[in-house]
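Q: Below is the structure I would like to discuss, written out as structure tokens.
In UniProt numbering, the protein residues as written are 1 to 85.
This is the structure in structure tokens:
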């Protein structure tokens with residue numbers, strides 16, 4: 001599976017893995033709003049990637065956005081019912 005998208009000018013944008021890794025680094029650094037933004041960009045590229053929803057759920061939880069965290073947690077389980085996190 002190719003995890004990059006092409007821009008209208010033909011140049012590659014950030015890959016899903018790059019965006020996920022940036023989000024993970026932001027979480028480690030306590031930059032939860034930035035993490036949400038990176039995970040959201042990655043989800044736009046791969047809306048069936050349950051790991052991205054799980055990671056964004058944690059970032060929302062750290063921001064005390066419980067409703068949004070729960071929505072992402074539910075989407076994670078919908079996409080991957082055996083997900084243990």
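Glycine residues also receive a C-beta, built at the ideal position from the N, C-alpha and C atoms.
Does the beta-carbon distance from residue 56 to residue 72 come in below 8 angstroms?
A: Taking the chain shown and counting its residues from 1, one reaches residue 56 at position 56. Taking the chain shown and counting its residues from 1, one reaches residue 72 at position 72. Result yes, Cβ atoms of residue 56 and residue 72 sit closer than 8 angstroms.
Q: Mind checking which residues open and close the alpha helix (DSSP H) that includes residue 23?
A: As a first step, residue 23 is located in the chain shown; it is residue number 23 there, counting from the start. Run containing residue 23: 16-28, per the alpha helix (DSSP H) assignment.
Q: For residue 37, which three-state DSSP category applies?
A: Counting from one through the chain shown, the residue named residue 37 turns up at place 37. Helix.
Q: In whole angstroms, what separates the C-alpha of residue 27 from that of residue 60?
A: By one-based count along the chain shown, residue 27 stands at place 27. By one-based count along the chain shown, residue 60 stands at place 60. One C-alpha to the other measures close to 10 angstroms.
Q: According to the Cβ coordinates, are residue 42 and residue 19 closer than 8 angstroms?
A: The sequence position of residue 42 within the chain shown is 42, counting from 1. The sequence position of residue 19 within the chain shown is 19, counting from 1. Taking 8 angstroms as the Cβ cut-off, residue 42 and residue 19 qualify as a contacting pair.
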